[in-house]
Each structure stands twice: as C-alpha cells, then as structure tokens.
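Asks: In the numbering used here, the protein residues as written are 774 to 1339.
1) Could you check how far apart the C-beta atoms of residue 1298 and residue 1332 are, in whole angstroms? I think they sit under 8 Å.
2) Which class does residue 1320 belong to by DSSP, given the choice of helix, strand or coil?
3) Hey, is the stretch 792 to 811 in contact with the stretch 1111 to 1125, meaning 3+ C-beta pairs nearer than 8 Å?
4) Among the candidates 866, 843 and 870, whose CA atom is the shortest distance from the CA of residue 832?
5) The beta strand (DSSP E) that contains residue 1052, what's its start and end?
6) Can you tell me where the alpha helix (DSSP H) with residue 1109 in it begins and where it stops?
7) Count the other CB atoms within 10 Å of the CB of residue 1075; is the residue buried (16 or more) or exposed (fewer)?
8) Any idea what DSSP makes of residue 1273, helix, strand or coil?
9) Could you tell me whether the stretch 1175 to 1194 touches the stretch 891 to 905, where touching means 3 or more Cβ pairs closer than 8 Å?
10) Among residues of its own chain, excluding the 5 on either side of residue 1013, which ones have a beta-carbon nearer than 8 Å to its beta-carbon?
11) At a cut of 8 Å, does the stretch 954 to 970 reach the stretch 997 to 1004 through at least three beta carbon pairs?
12) Does DSSP classify residue 1016 as helix, strand or coil?
13) How would you call residue 1063, buried or exposed, if buried means at least 16 neighbouring beta carbons within 10 angstroms?
14) Would the beta-carbon of residue 1000 be found less than 7 Å away from any heavy atom of the ligand FMN?
15) Output the distance between the C-alpha atoms of residue 1139 and residue 1017, rounded to the nearest integer angstrom.
16) Would you check if the distance between the CB atom of residue 1019 and the CB atom of residue 1085 is smaller than 8 Å?
17) Between the C-alpha atoms of residue 1024 and residue 970, what's the straight-line distance to the nearest angstrom?
18) Under 8 Å by Cβ, that's how I've got residue 892 and residue 1231 pegged, so tell me the actual separation to the nearest angstrom.
19) So for residue 982, helix, strand or coil by DSSP?
20) Beta-carbon within less than 6 Å of residue 817's beta-carbon, same chain only, minus the 5 sequence neighbours each way: which residues are those?
21) Count the other C-beta atoms from every protein chain shown that fall within 10 angstroms of the C-beta of residue 1098, then say buried if there are 16 or more, exposed otherwise.
22) Using the beta-carbon count (16 or more within 10 Å), is residue 1108 buried or exposed?
23) Tell me which residue opens and which closes the alpha helix (DSSP H) that residue 905 is part of.
24) Is the distance from the Cβ of residue 1153 to the Cβ of residue 1142 below 8 Å?
25) Jot down the residue ranges of each uninterrupted beta strand (DSSP E) in the stretch 1109 to 1186, minimum 3 residues, whole runs only, in chain order.
26) Between which two residues does the beta strand (DSSP E) holding residue 809 run?
27) List the DSSP bridge partners of residue 1035.
28) Going by DSSP in three states, residue 1314 sits in which element: helix, strand or coil?
29) Considering Cα atoms alone, identify which of 828, 1215, 966 and 1047 is closest to residue 780.
30) Taking residue 1257 as the reference, which of 1284, 1087 and 814 has the closest Cα?
31) Going straight from the alpha carbon of residue 1137 to that of residue 1162, what length do you get?
32) Just to confirm the assignment, what range does the beta strand (DSSP E) spanning residue 1301 have?
33) Along the chain, which unbroken stretches of the beta strand (DSSP E) at least 3 residues long are found entirely within the stretch 1189 to 1231?
34) From the DSSP output, which residues share a beta bridge with residue 971?
35) Of the choices 1128, 1102, 1157 and 1124, whose alpha-carbon is the least far from that of residue 1176?
36) Using only the alpha-carbon positions, how far apart do residue 1210 and residue 778 sit?
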C-alpha cells in the first residue's frame, strides 16, 4: 500500500492511497519448483485448484500459474442465495531474463475468465414487487435446494493482459525503467429476457487499453534521491449495438498523459518526501440520447490537473515514530460518472451520470503515531481529514424505474462540498513467545457541507480483535498457528431514512477461527489450513453491500486448504 507523497508516481484517478500488486521475482534456483494448492469452501461447495511451476535458467527464467474455480449457490443463514455461483479459469506466464549485470527484463501474460451469477432475487419484474422486495425477509425466486447452475441474470468477464518491463543501470547513481502494458477486456451481461432471448447479451462491452511508462532514478547525494517519470494511457471502449438495449457506459476514446517528480531524503532519524504531478486527459465520447428518435450526442472533454504532496516520517525515539502527510489532489470525473445511463447489473440498480460534473479536488491531512515497548507492546494511531471540493458520489433518487430489463432503484452521480475524517487505532501485545492479542478500531465520518447531511456509502465503524497462538514445532508439524477473531460492525446511524431506499441495517458481530500448520515430507513441504467465517451463523446485512436491499449476507463458511511445495 503506497501512501503519502509516493502516490504521485501512479497514473489514475485516485485521491487516496494506492494498492500496488506485483509478482514476486523468480528465485535463482536452477531446479524445478512449484506449488499445488486445493481449497474447499462449505458455503457454495466451492472447489479451487491452483498450480504453480517455476524454474530459473540464465538463458530464461519462467513461472507458470493456473487456477480453476467452481462454486455454487451461496447460503445465507436461513435460505439459499439462488444463482450466486461462479466459474473461473485463469492462466499466467512470467518470464525473466538478465542480459547483463546492468540490463534486466521481464514479460508477464495473464488471462482471467469468469462466469458470475447475479442473485436472482435482485432482478424484479415490476415496481410493486420491487417495493415489496426491499422489505422482505427472504428474496423473491429463492429455491429451497442447492445448485451449481448459473442462469440469467449472469455475467461473462474476460481480461487478457500483456506487460513488458525492463530496467537498465546507467551507473552507480542512476538507472531507468521502461514499461508497456496492454489489456483487452470483454464484459457481457445476460438478463431474463422474453421469447428465448436470454442467451443474447443485454450488455456487451469491449475495452482495449495501452499503457506506456518511463521512469528515471537518480541518487543525488548520500541522502537525497530523485525519481521522475512520464506516462501515457490510451483507452478505447466499444459497445456491441446488437444488444437492442442502450449501453450503461457509452463508446469513448480516452488519452491520458502524466508526468511526476518525487524527491526523497533518508537520514537516520527521519525520512522526507516531496512529490508533484501533472495530468492531461482528452476524452471523446459518443452517447445515445434517451429520447425518441434516438440521436448520437458527442462530447469532447479536456482535463488537466496538478497534484502536490509532502510527508515526513520522524523517529523521535528508537521506539516512537511520528508521520505526517499533507497534499492537494485532483481527480477527473470518470466516463461512467459523466455518462452512465442504464442498469448496473452486478449491484441491481440503474445509474445515471451527469455530463456537467467538474474535477474533484481535495486537501488531505494524515497524522500517525507508532510506539513499541520492549518489543512486546505495539500502539499505533492514525488520524485523517480530507476537505473536498466537487466531491463526486452516487446518490439514491426518490424513484423506482420500470424498464424492459425489470424494475430497479435509480441512482445518480452528483457533486457537493464534503469533509471526510476519522481515525484508526491498533494495539498488539505479546504475552509470550507463543501468545499474542491484537485489537483494532476504525472510525469514519463524512459531512456534506452543501446540504448539511452525512455522506452516504462510507464504511461503518468497526471494532475487531484477534487472539493468536503459534508454536515452532509440535510433533511432526511445524509453524503451528491458531487464531480466534471477532469483529463487531456498528450500525450506520448518521444516515437519514430519506437518503436511501432502505434504512442502514443493524450492527452485527462475527466470530471466526483459523488454524494452519506445515509438515515436511523429505525436501517438500505440505501446508494445511482451516478457516471458519461467521462461525455462529449470524444473519446480517453489510451497509456497503448493495445486495443488502434484497438478501442477507453469507452464513457460516468453512474453508479447508492443502498446499504442497516442491
């Protein structure tokens, strides 16, 4: 997770932290190694198989990963969540080569393919039934038996990625990085349609993106480091007109160009970061009018933004660290926020954009304190405050709309002045070498300055704790770990009843356990894993889950996993 000034390095519309996912480098071992994993989930009778093989060679190092997953209908504590199964088949190939001590390169290819069921009870045929569905204890169309079948409504998703990356060391103080990434995405949505047309997608989208990046690193002196970069991203989004239904997201072409500079100073007692970024985006959009006769309406948008950020990490004592980050960030409205006009099937609501939205701007402040006492007690506190201008959010409208795809609640993207603030508290204590307890509390609040209301769709406050036991060896088993955890999610009481289609659900408490151990088999290693989620089978609905309008969340789920490393 990248926080503070370091976030200016990354292209994309974000006003907060950046979650960076990267593959591990292939270990320099000439032998064939791998992992075979199997997971079984009781809720949905899910089966997940993962196989990984890798081998290092001076000519070419490679890693191959394949995953197959199948899961059926999930189960709430009191009923089946009909048509919530999923099928997945994924494959990834990673290649690495060192041309010399100065020049290294790698290639990553992946394909993700999934068929995802959508809760049948979230797609209602008429307004009267939808109004009833919003207050029912059990969803419509709920079957009293388990099934692996996936019927309409469902989605087909395919993501294909090619990424090329190379590093070249110019000398001891400077090096460069070059990256190209191309991604091809397909998304199809299938609805319950009359006259045998359920196999014709109601939404059919293809998106092609091409990303190019160059970075330059320079060690200015013993303490100062400089990183700069240029980035370009081209996105081409196209809808299939044969669906017979207006697309949720229109056809568009987006050209994004960005440049950043990040200066860092590292000394024994403190680390200082200062970053700035400039972005320019050119959008060309072709929408279809909602009025008859249909017309193509074209938009040409041009946005440019500056981001500034600074942060300091100061060790006032070997056991106490202070951190403060301050920044100004701007985010362009996304195409879906500007021009959405239709059913967002996965969450079963109609979303409408606003072509007059302006860039969102925010001043960010975060301050944290971390203290460690005798390597046994950890205390950490984080406080944050963000002031937004033109804060973009999805606001429920006082409307339920009947369409040829069914009746659905209507949401619209709107803007307001807003403040979001809160704090996180973390404490951890080691009773002994074997026993540890950890507690966390997260508080967040949002205030709509323009309308004197609370901001909707923010997480509820949460209090959680974990009791952990670990043992280096027990008989033939090694690295034995046991955990019992508890999480209490508070009711979101800041929202008025008139701000949403249904009031926020009550608070709830979830208990879980985890057990894991390893068993050496010659030079190989077998890992065993067991986890129980919602152990007490509590009926609950999470405030941020849009399907809470129609159904309870998952009941008890037991996961058993086996992993063989060789």
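Cβ atoms here follow ideal geometry from the backbone N, Cα and C, with glycine treated the same way.
Predicted, not measured: the structure shown is a model, and the values here were computed from it.
Replies: The short version:
1) Actually they are not in contact, since the Cβ atoms of residue 1298 and residue 1332 sit about 20 Å apart, beyond 8 Å.
2) helix
3) no
4) 870
5) 1043 to 1061
6) 1108 to 1112
7) exposed
8) coil
9) yes
10) 974, 977, 978 and 979
11) no
12) helix
13) exposed
14) This structure simply doesn't include the ligand FMN, nor any ligand for that matter.
15) 49 Å
16) no
17) 24 Å
18) So it is not a contact: roughly 24 Å between Cβ atoms.
19) strand
20) 844, 845 and 847
21) buried
22) buried
23) 900 to 906
24) yes
25) 1114 to 1117, 1122 to 1125, 1133 to 1146 and 1150 to 1176
26) 806 to 814
27) 1000 and 1048
28) coil
29) 1047
30) 1284
31) 12 Å
32) 1297 to 1306
33) 1208 to 1221
34) Note: residue 971 sits in no beta bridge, so no partner.
35) 1124
36) 32 Å
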